[in-house]
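In our numbering, the protein residues as written are 785 to 924.
Glycine included, every Cβ here is placed at the ideal spot set by N, Cα and C.
Note that the structure is predicted; figures quoted are calculated from it, not measured.
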């Protein structure tokens with residue numbers, strides 16, 4: 785039995801549960817939840833980029849970051865809590881998510897990461913633009 789505050793809530797629930805999921809199965813798709821779970825902001829500063837990734841409810845040990853061929857990959861695993869309760873709806877995420885970002889060729893030692901209050905912060909240096917040498921013309 786579901787408890788709704790009003791008829792409007794009940795209609796919205798019925799619409800999303802029975803109608804939308806049949807015709808738009810991607811609404812509850814893991815593909816959409818992955819992006820929903822790892823919301824990312826990327827900021828540019830004078831000499832570096834800073835990424836801030838929302839990973840609430842995780843421990844530092846649950847997060848793996850690797851860098852290979854110019855791609856920075858963040859993987860997070862949240863273990864399933866085995867409980868005996870019967871859920872009517874379960875929206876909190878359990879499982880594994882992974883996102884990759886192309887950041888170009890960097891020294892792995894230049895990539896810094898910190899995890900605090902559910903936010904993973906990663907910084908890495910900007911690529912320096914190659915300096916073009918402009919040849920001088922000799923005056924005769």
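{"Query": "Residues of its chain near residue 831, where Cβ-Cβ distance is below 8 angstroms and the 5 sequence neighbours each way are ignored", "Result": "909 and 910"}
{"Query": "Beta-carbon gap between residue 859 and residue 848 smaller than 8 angstroms", "Result": "yes"}
{"Query": "Start and end residues, beta strand (DSSP E) containing residue 876", "Result": "It is not in any beta strand (DSSP E) - residue 876 carries neither H nor E in the DSSP assignment."}
{"Query": "Pair within 8 angstroms by beta-carbon distance, residue 839 and residue 902", "Result": "yes"}
{"Query": "Nearest-angstrom Cα separation, counted from residue 892 out to residue 850", "Result": "9 angstroms"}
{"Query": "Exposure label - residue 837; buried when at least 16 CB within 10 Å", "Result": "buried"}
{"Query": "Within 8 angstroms, strictly: CB atoms of residue 884 and residue 856", "Result": "yes"}
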